[in-house]
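I have placed the structure first, in the form of structure tokens, so that the comments after it can refer back to it.
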Amino acid sequence: MASLPPAACCALEAYVTGDEANAKDKILYFFTDVIGHNFINAQLIADQYAEKGYYVIAPNLFHDDPVLLNPPKGFEFANWIPNHGIAVTQPYVDKTVEGVKAKYGQPKFAAAVGFCFGAKYAIRLLSTGVIQSASVFHPSLVEISELEAIKGSLLISAPDDDYIYTTELRHKTEATLKELGKKGIKYRQVLYNSIGHGFAIRGDISQPLTKYAKERAFKDTVEWFQLTNDYFA
Numbered sequence: 001m002a003s004l005p006p007a008a009c010c011a012l013e014a015y016v017t018g019d020e021a022n023a024k025d026k027i028l029y030f031f032t033d034v035i036g037h038n039f040i041n042a043q044l045i046a047d048q049y050a051e052k053g054y055y056v057i058a059p060n061l062f063h064d065d066p067v068l069l070n071p072p073k074g075f076e077f078a079n080w081i082p083n084h085g086i087a088v089t090q091p092y093v094d095k096t097v098e099g100v101k102a103k104y105g106q107p108k109f110a111a112a113v114g115f116c117f118g119a120k121y122a123i124r125l126l127s128t129g130v131i132q133s134a135s136v137f138h139p140s141l142v143e144i145s146e147l148e149a150i151k152g153s154l155l156i157s158a159p160d161d162d163y164i165y166t167t168e169l170r171h172k173t174e175a176t177l178k179e180l181g182k183k184g185i186k187y188r189q190v191l192y193n194s195i196g197h198g199f200a201i202r203g204d205i206s207q208p209l210t211k212y213a214k215e216r217a218f219k220d221t222v223e224w225f226q227l228t229n230d231y232f233a
């Protein structure tokens with residue numbers, strides 16, 4: 001398990017892990033939170049999915065401008081985020097997908113995971129037909145119109161009290177998913193109590209509930225993708 005050189009995946013820098021022989025069977029696009037693809041937590045989780053038989057690709061979404069785990073004094077997220085909107089970030093996603101397709105063709109099953117910032121791009125990809133399923137964790141910046149456009153199964157794992165994925169936004173999401181369900185879209189939303197935003201990728205696993213939620217969300221995702229592959233795709 002290692003990060004391959006840029007030319008090995010889509011002519012873009014990425015963390016790539018898993019057996020390349022699996023690329024024609026199971027591809028997983030791994031969209032990180034704002035800390036980016038070089039964050040060791042993200043890489044370890046990507047490795048876990050690789051151990052489940054996926055060829056995992058975590059592209060560099062931030063053009064060497066991720067948020068540091070411990071930002072310097074004076075850093076303002078409000079000043080950072082405008083430089084990483086759809087117009088900037090979506091091309092990295094598109095080039096990754098195009099590169100994978102050119103190198104491996106269309107895999108038998110493709111899915112995406114997205115953490116916080118990355119959830120938006122997992123959901124957007126689910127509207128294209130490129131993937132059959134997505135699993136997102138404590139999502140942020142997702143528009144209802146993006147959710148309405150999905151064409152495959154969706155799993156959401158979130159805290160029940162999240163300052164970003166708020167109760168109001170969650171209820172709007174639930175209402176939208178119910179309408180999508182009438183059209184045959186399969187979905188599931190799992191809420192966890194007494195944990196914080198970011199639990200699935202940078203939560204404090206010395207806390208028993210956080211550790212449980214992180215591990216449960218990973219297991220749920222693996223099972224959700226398998227269910228989709230077996231019955232919904």
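Residue numbers (UniProt numbering): 1 to 233. Every residue gets a Cβ at the ideal spot worked out from N, C-alpha and C, and that includes glycine.
Exercise for review: Mind checking which residues open and close the beta strand (DSSP E) that includes ALA154?
Suggested key: Looking at the sequence provided, one finds Leu at residue 154 rather than Ala. Taken as a continuous stretch (DSSP letters only), the beta strand (DSSP E) holding LEU154 covers 153 to 159.
Check your understanding: Is the beta carbon of TYR187 sitting closer than 8 Å to the one on LEU177?
Key -> It is a contact, given that the beta carbons lie within the stated cut-off.
Review point. Mind pulling the beta strand (DSSP E) runs of 3 or more residues that sit fully within the segment 11 to 51?
Key: Correct list: 14 to 17, 26 to 31.
Check your understanding: LYS172 to SER127, Cα distance in whole Å?
Key -> Roughly 19 Å between the two C-alpha positions.
Review point. Which value, in whole angstroms, describes the spacing of the CA atoms of ARG124 and THR89?
Key: It is roughly 12 Å from the alpha-carbon of ARG124 to the alpha-carbon of THR89.
Exercise for review: Provide the residue span of the alpha helix (DSSP H) that contains GLN90, from first to last.
Suggested key: Per DSSP, the continuous alpha helix (DSSP H) segment holding GLN90 begins and ends at 86 to 104.
Review point. Going by the beta-carbon positions, is the gap between PRO159 and PHE199 smaller than 8 Å?
Key: For PRO159 and PHE199, yes; Cβs fall inside 8 Å.
Practice item. With DSSP collapsed to three states, give me the class of LEU69. Key: Reduced to three states, the DSSP call for LEU69 is coil.
Exercise for review: Decide if the segment 73 to 82 is in contact with the segment 15 to 27; the criterion is three or more beta carbon pairs, one per stretch, under 8 Å apart.
Suggested key: Verdict: no, contact absent.
Review point. Looking at the unbroken alpha helix (DSSP H) that takes in VAL222, where does it start and where does it end?
Key: Counting along the chain, the alpha helix (DSSP H) containing VAL222 begins and ends at 208 to 227.
Exercise for review: Could you tell me if ILE144 is buried or exposed, where buried requires 16 or more neighbouring beta carbons within 10 angstroms of its beta carbon?
Suggested key: Counting Cβ neighbours within 10 Å, ILE144 comes out exposed, since fewer than 16 surround it.
**Study point:** Counterpart residues of PHE109 in DSSP-defined beta bridges
**Key:** In the DSSP assignment, PHE109 is bridged to LYS26.
Exercise for review: Go ahead and pull the three-state DSSP assignment for PRO59.
Suggested key: Residue state, collapsed to three classes: strand.
Practice item. Classify PHE75 as helix, strand or coil using the three-state DSSP reduction. Key: PHE75 falls in the coil class under three-state DSSP.
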